[in-house]
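For reference, the structure discussed in these notes is given below.
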Amino acid sequence: MPFDEATTVRRIGGILLDGLEWFLDHIFGAGLDVLADLLGMPMLGYAYMQRAYLAAVCIAVIGPLVGTFLVHREMAMIGDTLAHTAFAGVAVGLFLNSALSLTLSPLLTAFVVAVVTALLVELLVEHAGAYSDTSLAIVLTGGFAVGSILITATDGGIAVGIDAYLFGSLATVSMENVGILVLMSVLVGSLVTLAYRPLLYVTFDATAARAARLNVRLYKHLMVVLTALVVVSAMQIMGVILVAAMLVVPVAAAAQVARSFKQSILLAILAAEFAAIAGVTLSYVYGIAAGGSIVVAAIAVYAVALGFQGLSHRLPTVRRLRSQWPGGTRDELEADGGERE
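Next up, the structure:
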């Protein structure tokens, strides 16, 4: 019997989807069913909400995992750039389907466009030097411009199909979307774990990494490609406009309290998980956009972390000032009626 590559791929995909469906029904879903009964929250038992929660949990892992390296490389803007070029990739897929009667997946074309753009962006940043922000801004606006041109080229016929990618939606999170996110979580987590130390060296001191004979260009390319994969994977629930926030905001929150790089990654993931779960819940309860709810929740976590940092910086100052009161502490002065003052 001849080898049929397409049939084999479909079979493997079917097996993976069956496994994911089993996990969602018997493990993750069963756990949420129990929580739904305990907490009196029926929404936790709905199949589409269980898919949305699992997707959000995956986004909250891979976003900060990649974003921590980007933020410490001062490359936070690259996430937004790739998100907008991924929008162009979605528009390319929808345009080809409309104009040529094809059945391409918009996510597939978004993956291709985002990965190619990621490598181009890394090349631009490498050669632009001090003008890297300008290069990123040009790519960002160019990607969005191409997307808008393709939308209007079909008399707005694909505008309806692209709304879900722009703003995100709980209702459009399918089993295939969740499968992509689970697969990306495993892939991104494995690659970052295997390449953690070289990525760390390249992030903080690329010159020393070159001196240690590390392939700096390879690891930089790896990071931007992982960023592109994360952005496209998260697009369906977060939306193009907000997906980059999950690469930056939880990391910024963690940076306020973390004392090491590994701790920063862990705290960023925890902050993102809280924001993702809270955002999905608020989205259902109030009928608002899931992506916007998640990002607002993440910003709230950042505000709390910022306040905690300010408080922790103030306390030593207060203690130092109290110790400098002549003749004793302020408590002693108040107890003495203030006469020592």
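When you read off a place in the sequence shown, starting at 1, and then add 78, the result is the number in the numbering used here. Just so you know, even glycine gets a beta-carbon here, dropped at the ideal spot from N, CA and C. Just so it is clear, the structure is predicted and the values come from calculations on it, not from any experiment.
Residue i Cβ short of 7 Å to the ligand MG heavy atom set
{"i": "L172", "result": "No copy of the ligand MG appears in this structure; indeed no ligand is present at all."}
Residue environment, residue i, which counts as buried when at least 16 other CB atoms sit within 10 Å
{"i": "L180", "result": "exposed"}
{"i": "E204", "result": "exposed"}
{"i": "G405", "result": "Bear in mind that a pLDDT of 46 at G405, under 50, signals an unreliable position, so the number given afterwards is only what the model happens to contain. It is exposed - the Cβ of G405 has fewer than 16 other Cβ atoms within 10 Å."}
{"i": "G385", "result": "exposed"}
{"i": "N255", "result": "buried"}
{"i": "P184", "result": "buried"}
{"i": "M79", "result": "With a pLDDT of 44 at M79, under the threshold of 50, the modelled position of this residue cannot be trusted; read the value that follows with caution. Under this definition M79 is an exposed residue."}
{"i": "R89", "result": "exposed"}
{"i": "S212", "result": "It is worth fixing the name first, because residue 212 is Thr in this sequence and not Ser. Burial call: exposed."}
{"i": "G91", "result": "exposed"}
Contact under 8 Å by Cβ, residue i with residue j
{"i": "L307", "j": "V260", "result": "no"}
{"i": "L328", "j": "G141", "result": "Note on identity: in this sequence residue 328 is Pro, with Leu being the wrong assignment. Yes. Within cutoff."}
{"i": "M262", "j": "S311", "result": "yes"}
{"i": "V191", "j": "A164", "result": "yes"}
{"i": "T281", "j": "A196", "result": "no"}
{"i": "G246", "j": "I315", "result": "yes"}
{"i": "V149", "j": "A354", "result": "no"}
{"i": "Y279", "j": "A287", "result": "yes"}
{"i": "A161", "j": "A350", "result": "no"}
{"i": "A331", "j": "L248", "result": "no"}
{"i": "L244", "j": "V318", "result": "yes"}
{"i": "V358", "j": "I372", "result": "yes"}
{"i": "V302", "j": "I156", "result": "yes"}
{"i": "F352", "j": "V326", "result": "no"}
{"i": "A133", "j": "V217", "result": "no"}
{"i": "E200", "j": "K298", "result": "yes"}
{"i": "G123", "j": "D111", "result": "yes"}
Residue i (DSSP reduced to helix, strand or coil)
{"i": "V251", "result": "coil"}
{"i": "S179", "result": "coil"}
{"i": "A367", "result": "coil"}
{"i": "A169", "result": "helix"}
{"i": "M152", "result": "For clarity, residue 152 is Glu in the given sequence; the question names Met instead. DSSP places E152 in coil when its eight states are reduced to three."}
{"i": "S361", "result": "helix"}
{"i": "Q334", "result": "coil"}
{"i": "Y274", "result": "helix"}
{"i": "R129", "result": "helix"}
{"i": "G92", "result": "helix"}
{"i": "G220", "result": "helix"}
{"i": "L160", "result": "helix"}
CB contact check: residue i to chain B, cutoff 8 Å
{"i": "L265", "result": "Among the chains in the structure shown there is no chain B, since it carries only a single protein chain."}
Stretch pair the stretch 335-351 + the stretch 139-159: three plus CB contacts closer than 8 Å: Under the 8 Å Cβ criterion, the stretch 335-351 counts as touching the stretch 139-159, having at least three qualifying pairs.
Validate contact between the stretch 219-233 and the stretch 166-173 using beta carbons, cut 8 Å, 3 pairs: By the Cβ criterion, the stretch 219-233 is in contact with the stretch 166-173, since at least three pairs of Cβ atoms, one from each stretch, lie closer than 8 Å.
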